[in-house]
Amino acid sequence: MNKIIFSFSLICLSASTLANPDLSRKFPFVDIQAQVLDTTTNTPSWQRLPPMTHVQYPTGLLNRQGSGCAVVNFQVTPEGNVKNLNIENSAPKRFSKEVRKAARQIVRDWHWPERTDEQVIELTMRFDYCLTHDFDKKSEAVAMCVEHSEQACE
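Take a look at the structure:
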């Protein structure tokens, strides 16, 4: 009987190890894609921005090994200040708090240039946060994040 219990324990332990691989010695690769909604044409379209090397991946999202996206509406004053920041959507729901917090932080920390005109500019931006533990394939991870950012954020 003890052999059966021991064997069953080993099988459960093996299955648990396969389901939850040890990632403690691996460093994840993270990527943040940013896009701005171009409304200057008849059909608005997302325009990808250059890589955001100065922005850190959200710690809360990293700790939960999560990925997600957020769409943010806001206004920028001529002085370069952000007003009326609103998260339009975020996904997935289980990481919503972390994704929303990170998107707000990026917009607030962005160095918006001062302008000489008096106009308040309304912007809509999308941020995609992607994480993979397959850090040996950085280009594939970036391509995956770009592909993810082309899908709906819902």
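Everything in the sequence shown is counted per my numbering, starting at 23 for the first residue and increasing by one.
Each residue gets a CB set at the ideal place from its N, CA and C atoms; glycine is no exception.
A straight-line Cα-Cα distance of about 20 angstroms links GLU162 and VAL77. In terms of Cα proximity to LEU59, the closest of THR146, VAL164, CYS91 and ILE109 is THR146.
The count of Cβ pairs closer than 8 angstroms, one atom from the segment 60 to 67 and one from the segment 116 to 134, stays below three, leaving the stretches out of contact. Excluding its 5 nearest sequence neighbours in each direction, VAL164 has C-beta neighbours in its own chain below 7 angstroms: ASP53, listed in chain order. For the pair VAL129 and PRO100, the CB atoms are not nearer than the 9 angstroms cut-off. Between CYS175 and ASN111, the C-beta gap is smaller than 9 angstroms, which places the two residues in contact. Counting only residues of its own chain and dropping the five nearest sequence neighbours on each side, PRO80 has a CB closer than 6 angstroms to the CB of GLU120 and ALA124.
When HIS155, THR154 and HIS133 are compared, the shortest CA-CA separation from MET74 is found for HIS133.
Its chain contains ASN95, PHE96 and GLN97 as the residues whose beta carbon lies nearer than 8 angstroms to that of ASN106, once the 5 sequence neighbours on both sides are disregarded; these appear in chain order. According to the DSSP assignment, ASP60 belongs to no alpha helix (DSSP H) but to the beta strand (DSSP E) extending over 51 to 60. Between GLU144 and ARG137, the alpha-carbon positions lie close to 14 angstroms from each other.
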